[in-house]
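S.K.: One structure coming up, written as structure tokens, with questions to follow.
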Amino acid sequence: MRTTLRPRTTAVTLTAITAITALTLAGCGGGGGGGGSDKDGDTSGPSGGQALKGERIEVAAVWTGPEQENFTKVLKEFEKRTGATVTFVPAQDPIVNFLGTKIAGGSPPDVAMLPQVGAIRQAAAQKWLKPVGPETEKQLAAHYSRGWQELGAVDGTQYGVYFKAANKSLVWYNSAVFENAGAAEPKTWKEFLATAETISASGVTPVSVGGADGWTLTDWFENVYLSQAGPAKYDQLAKHTIKWTDPTVTAALTTLAELFGKPALLAGGTDGALQTEYPVSVTQTFTGGDTPKGAMVFEGDFAAVNIAQTKARIGTDAKVFPFPTVGTGTTPVVTAGDAAVALKDTKGAKALLAFLASPDAARIWAAEGGFVSPNKSLDPSAYPNDVQREIAKALIGAGDDFRFDMSDQMPQSFGGTPGKGEWKALQDFLKNPKDIAGTQARLEKDAEKAYRAAAKG
31 MRTTLRPRTT AVTLTAITAI TALTLAGCGG GGGGGGSDKD GDTSGPSGGQ ALKGERIEVA
91 AVWTGPEQEN FTKVLKEFEK RTGATVTFVP AQDPIVNFLG TKIAGGSPPD VAMLPQVGAI
151 RQAAAQKWLK PVGPETEKQL AAHYSRGWQE LGAVDGTQYG VYFKAANKSL VWYNSAVFEN
211 AGAAEPKTWK EFLATAETIS ASGVTPVSVG GADGWTLTDW FENVYLSQAG PAKYDQLAKH
271 TIKWTDPTVT AALTTLAELF GKPALLAGGT DGALQTEYPV SVTQTFTGGD TPKGAMVFEG
331 DFAAVNIAQT KARIGTDAKV FPFPTVGTGT TPVVTAGDAA VALKDTKGAK ALLAFLASPD
391 AARIWAAEGG FVSPNKSLDP SAYPNDVQRE IAKALIGAGD DFRFDMSDQM PQSFGGTPGK
451 GEWKALQDFL KNPKDIAGTQ ARLEKDAEKA YRAAAKG
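Using the numbering used here, the first residue of the sequence shown is number 31, and each one after it goes up by one.
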């Protein structure tokens, strides 16, 4: 992993052009602007402190529980710096449908957190979104790689700020089980399967799979496919410029079948995996002492939130290794994230986007855990433990070589709907991993229908 040094945040002189410029430059790190700033870069002093007094801003997101609580802490800091009043609006998933209802009713929120690239494109196509504005663009240019900026843009116009990211190329494991079995962290897919067999021989089922949630299976496929087929093919499949019947898809499903086709390696067997929801797939890996229901669970950095619900300590009882390389491929880095977009062209909405693009905003949630920022200017020391620091460094260290979650780039009806499209096809594949050709045919049929409908708008 390559450590990215934190660049110095540039101090900027306040101008009298607009109140938003004064606000965002004073509140987004750096120094200048006349408000006291401490060694941690907190510039919540008097400069700009009442720049948005009287402004009311609504922010819609699907986050609940700890995620909502931690995001609210970020919003409270924005209120402190600006004088604005920010209200969190709980949204239903899929959020695009929720926003469509709000817009039709004439009461859209000022800002929304969109969890999919496809959702940004869909909302932009509906002309719901407003450009982020020049100050946010400055923040993005200073703190984000080109790849993360482009993910929030549509046809050259910047609409989104990726505030929360995810490194979805990780395997978490129960260190006590590994130690008892004499197992080591695998680096290749072949070693991964051998490690699974070693753990199985020790009396513990090796792999926990949350197959009841189809999105976890898309993540399995994407990591195998990215490593085995390579970035160019990954991009083509994501855009459906190659078909799901392509030989590269055959190869990836054949690789997955090496695991899915051995029920003894899956916690609860095939039926158990299909009935296990994602949160349980994580917690059952770290409960039960030396004999948990599963020894390893694949998923992103956000699994730390679920691990925290057990007695396992991250870095000691719960450890992590990168998703193994497949064949002659490289280690995959598949990401996901939530982007802030403005649905109203107000100074409050633009100021909030600029703040969310700053390392100051990212630092607040990073300290709470269960969060990774694509902001390359965030000091790794902001994260609460070495494990999360290494996960964040891997994400930032990938530069622009990462690939965004493929299913999140696709039309929602195919890549993001329970019981339909890719989710359902891969659940059926988990149930019958011998039917590779049939799985590909179903994937292609559903994809063709979804992309054709998307093209018609």
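Glycine included, every Cβ here is placed at the ideal spot set by N, Cα and C.
All figures in this text were calculated on a predicted structure; none of them were measured in a lab.
Just how far apart, CA to CA, sit THR54 and THR115?
M.R.: In this predicted model, THR54 has a pLDDT of only 38, less than 50, meaning its place in the structure is not dependable enough to derive any value.
S.K.: Look up LYS69 in the DSSP assignment and say whether it is helix, strand or coil.
M.R.: Residue confidence is low: LYS69 scores 34 on pLDDT, short of 50, so the model does not pin down where it sits. No coordinate-derived value is stated.
S.K.: Taking ASN253 as part of the beta strand (DSSP E), name the residues at either end of that continuous run.
M.R.: First-last for ASN253: 244-259, but that is the alpha helix (DSSP H), not the beta strand (DSSP E).
S.K.: Could you pull out every residue in the same chain whose Cβ sits closer than 8 Å to the Cβ of LEU35, ignoring the five residues on either side in sequence?
M.R.: Note on LEU35: pLDDT 27, under 50, position unreliable in the model; no value is reported.
S.K.: Out of ASP140, ALA338 and ASP243, point me to the one whose CA is closest to VAL162's CA.
M.R.: Here the closest residue by C-alpha is ASP140.
S.K.: Taking the alpha-carbon of VAL356 as reference, which of ALA370, PHE222 and ASP276 has the nearest alpha-carbon?
M.R.: The option with the nearest alpha carbon to VAL356 is PHE222.
S.K.: Assuming ALA391 and VAL92 make a contact with CB atoms under 8 Å, what is their CB distance in whole Å?
M.R.: At roughly 19 Å, the Cβ-Cβ gap does not stay under 8 Å, so ALA391 and VAL92 are not in contact.
S.K.: Just checking LYS194 against the ligand GTP - is the residue's beta carbon closer than 7 Å to any of the ligand's heavy atoms?
M.R.: With respect to the ligand GTP, the structure offers nothing, as it holds no ligand at all.
S.K.: Have a look at ALA294, THR246 and ALA213 and flag the residue whose alpha-carbon is nearest the alpha-carbon of LYS454.
M.R.: The option with the nearest alpha carbon to LYS454 is THR246.
S.K.: Taking C-alpha atoms, which residue in VAL207, ARG482, SER311 and LEU382 lies nearest to VAL239?
M.R.: With distances taken between Cα atoms, VAL239 lies closest to SER311.
S.K.: Could you pull out every residue in the same chain whose Cβ sits closer than 8 Å to the Cβ of THR306, ignoring the five residues on either side in sequence?
M.R.: Excluding sequence neighbours, THR306 sits near SER238, VAL239, GLY240, GLY241, ALA242, ALA297, GLY298 and GLN314.
S.K.: How many Å lie between THR102 and LEU386 at the Cα?
M.R.: Using only the alpha carbons, I get a separation of about 12 Å.
S.K.: Between which two residues does the alpha helix (DSSP H) containing GLY367 stretch?
M.R.: Unbroken run through GLY367 is the beta strand (DSSP E), 364-372; no alpha helix (DSSP H).
S.K.: Between which residues of its own chain and ASP416 is the CB-CB distance below 7 Å, once the five residues before and five after are set aside?
M.R.: So the qualifying residues of the chain are GLY345.
S.K.: DSSP three-state label for MET440, please.
M.R.: Coil at MET440, not helix or strand.
S.K.: Does the Cβ-Cβ distance between ALA484 and PRO448 come in under 8 Å?
M.R.: For ALA484 and PRO448, no; Cβs fall outside 8 Å.
S.K.: Which residue comes first and which comes last in the beta strand (DSSP E) that contains PHE351?
M.R.: 348-352 is the extent of the beta strand (DSSP E) around PHE351.
S.K.: Starting from PHE385, trace the beta strand (DSSP E) in both directions and tell me its first and last residue.
M.R.: Here PHE385 belongs to no beta strand (DSSP E); instead the alpha helix (DSSP H) covers 377-386.
S.K.: Tell me which residue opens and which closes the beta strand (DSSP E) that ASN204 is part of.
M.R.: Where ASN204 is concerned, the enclosing beta strand (DSSP E) stretches over 200-204.
S.K.: If I follow the unbroken beta strand (DSSP E) through PHE316, where does it start and stop?
M.R.: PHE316 -> no beta strand (DSSP E), and no H or E assigned at all.
S.K.: Closest by CA to THR280, which one among GLU167, GLN470, PRO352 and THR360?
M.R.: Checking every option, the nearest Cα to that of THR280 belongs to GLN470.
S.K.: Along the chain, where does the beta strand (DSSP E) containing THR117 start, and where does it finish?
M.R.: Element bounds for THR117: 115-120.
S.K.: Does the distance from the C-beta atom of VAL191 to that of LEU383 stay below 8 Å?
M.R.: The answer is yes: Cβ separation under 8 Å.
S.K.: Taking Cβ to Cβ, would you say SER205 is nearer than 8 Å to LYS341?
M.R.: Cβ atoms of SER205 and LYS341: not closer than 8 Å.
S.K.: Going along the chain, which residues of its own chain have a beta-carbon closer than 7 Å to the beta-carbon of PRO558, five neighbours each way excluded?
M.R.: Because the chain is modelled from 31 through 487, residue 558 falls outside the range shown and cannot be assessed.
S.K.: So ALA333 and ASP438 are in contact, right, with Cβ under 8 Å, and what is the actual spacing, rounded?
M.R.: Not really, about 18 Å apart at Cβ, beyond 8 Å.
S.K.: Taking the straight line between their C-alpha atoms, what separation do you get for PHE118 and LYS160?
M.R.: Cα to Cα, PHE118 sits roughly 20 Å from LYS160.
S.K.: For TYR481, collect the residues of the same chain with a Cβ closer than 7 Å to its Cβ; drop the 5 residues on either side in sequence, then sort them by chain order.
M.R.: So the qualifying residues of the chain are HIS270 and PRO441.
S.K.: Can you tell me whether SER77 is buried or exposed, with buried defined as 16 or more other CB within 10 angstroms of its CB?
M.R.: Its pLDDT being 39, under 50, SER77 is placed unreliably by the model, and the measurement read from it follows with that caveat. Per the 10 Å Cβ criterion, buried.
S.K.: Please determine, among PHE432, ARG472, GLY148 and PRO96, the residue with the shortest C-alpha to C-alpha distance to ARG176.
M.R.: For ARG176, the nearest C-alpha among the options comes from PHE432.
S.K.: Helix, strand or coil for MET31 per DSSP?
M.R.: Note on MET31: pLDDT 31, under 50, position unreliable in the model; the coordinate value appears next. If DSSP states are grouped into helix, strand and coil, MET31 belongs with coil.
S.K.: Need the endpoints of the alpha helix (DSSP H) that GLY177 sits in, please.
M.R.: Looking at the DSSP string, the run of the alpha helix (DSSP H) that includes GLY177 is 176-181.
S.K.: Could you work out which residue in PRO309, SER388 and LYS450 is closest to HIS173 when comparing CA atoms only?
M.R.: Considering only alpha carbons, the answer is SER388.
S.K.: On the premise that VAL364 lies in contact with ASP249, defined as a C-beta separation below 8 Å, what is that separation, rounded to the nearest angstrom?
M.R.: Correct: roughly 7 Å between the Cβ atoms.
S.K.: Under a Cβ-count criterion, where at least 16 other Cβ atoms within 10 Å of its own Cβ denotes burial, should GLU209 be classed as buried or exposed?
M.R.: Label assigned to GLU209: exposed.
S.K.: Classify SER137 as buried or exposed, calling it buried when 16 or more other Cβ atoms lie within 10 Å of its own Cβ.
M.R.: By the neighbour-count rule (16 or more Cβ atoms within 10 Å), SER137 is not buried but exposed.
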